[in-house]
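Student:
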Amino acid sequence: MNRAVLLTAFLAFLFTSFSGCDIINPEQKEPAYLEIDTFSFDNNGYGMPIQRITDAWVYVNSKYIGTYELPAKRIPIIPNEDGSAATVWIDAGVYVDGIRTQRVAYPFYSRSTHSVQFIKGQTAKLTPSYKFTPTKVLVEDGFEGVTGFAIKKGKESTVPLEFVANTDNYPENGEQYAIMRAAKDSVETLQMLQTDSTVIPSYKPTYLEMSYKCSMPIGVGIYVQSTSTHQYIYGLTLNATANQWKRVYVYLGDEMYPESYSHETGSLFQFVILGKSDGAQEHFIAVDNLRLVQM
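In structure tokens:
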């Protein structure tokens, strides 16, 4: 091999090496930072101002940046090259079905929009403002009256449905809540059913929001009625809550619009909550602040 060939090969190697370094280590732009400690919430006149917003879904200039658990610290943002203000969207995130791995931007809470002048190395603090903005509210009940409640004793229930005074020092529950109880040494079925039925529409996202506590696992789903069938479909199981109230957003789409078949046109549905006591101890299911919403 002559010297010219060797020189050409060596120069090609150097070019490739330095080019590779430029690709691997591009010029780093110093970011600014976004911080979201808290937020405000407006229930828009629907029941108690109760929510369980856990995340912030962040967009800058229409580009999705990421989903961050609140409070969120030091979210890196690259400022606009021309120094102009950026448009920041922040959506309210929740856990669907109470499961941390199923996180969504809740479609019934409004987007919070901000104009922010990001500066390299500095932190901009934002407080998103959210508002409950439902397309259609099918059920809204905090059980504050004496009659006309949104749930009733289900056909399979062997215990009564009671509405009792709120003695739990849990202010979000107002004056009273709904409860079913089973005595120790008594095997019972506890079933709560939506009072009124609703036609299953063409596909529309539907959520059941509720506050609950229970001493045993409970199933949540829908009761479907058509000319050919009546069936209970329980798509979600919630664990016992150790006597602590929790808030959950239950997505009912999997039950209303199953993948393997379609409900008969004109079918009616009601949400349903089910528990079965084993007799080993006293058991109960308590619920409050029910809200059934649909797009």
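Quick note, the sequence shown lines up with residues -20 to -1, 1 to 275 if you use mature numbering (1 follows the signal peptide of the UniProt record, and there is no 0). Built from N, CA and C at the ideal position, the CB exists for glycine as well. Source: prediction; values computed, not measured.
What residues are listed by DSSP as bridge partners for A130?
Tutor: Partner(s): none; A130 has no beta bridge.
Student: What's the gap between the Cα of Y231 and the Cα of G63?
Tutor: A direct Cα-to-Cα measurement between Y231 and G63 gives close to 42 Å.
Student: Does the distance from the CB of Q274 to the CB of T175 come in under 8 Å?
Tutor: no
Student: Which same chain residues, not among the five before or five after L106, have their C-beta less than 6 Å away from its C-beta?
Tutor: I16 and H94
Student: State the Cα-Cα distance for the pair I253 and T103, rounded to the nearest angstrom.
Tutor: 46 Å
Student: When you compare only the Cα positions, how much space is there between E10 and R54?
Tutor: 13 Å
Student: Hey, would you say Q97 sits closer than 8 Å to A65, going by beta carbons?
Tutor: Yes, the pair counts as a contact, with Cβ atoms nearer than the cut-off.
Student: Going by C-alpha to C-alpha distance, which of P29, C194, W225 and K43 sits closest to T217?
Tutor: It is C194 whose Cα lies nearest to the Cα of T217.
Student: Have a look at N219 and I99 and give me their C-alpha separation to the nearest angstrom.
Tutor: Cα to Cα, the separation comes out at about 46 Å.
Student: Which word fits I4, buried or exposed, when buried means at least 16 other C-beta atoms lie within 10 angstroms of its C-beta?
Tutor: Because the pLDDT of I4 is 40, which lies under 50, any placement of that residue in the model is unreliable, and the number read from its coordinates should be weighed accordingly. Answer is exposed; the Cβ neighbour count stays below 16.
Student: Could you check the C-alpha separation between T113 and I70 for me, to the nearest Å?
Tutor: 15 Å
Student: Less than 8 Å between the beta carbons of E152 and N269, yes or no?
Tutor: A distance below 8 Å separates the beta carbons of E152 and N269.
Student: Can you tell me whether DSSP reads D234 as helix, strand or coil?
Tutor: In the structure shown, D234 falls within a helical segment according to DSSP collapsed to helix, strand and coil.
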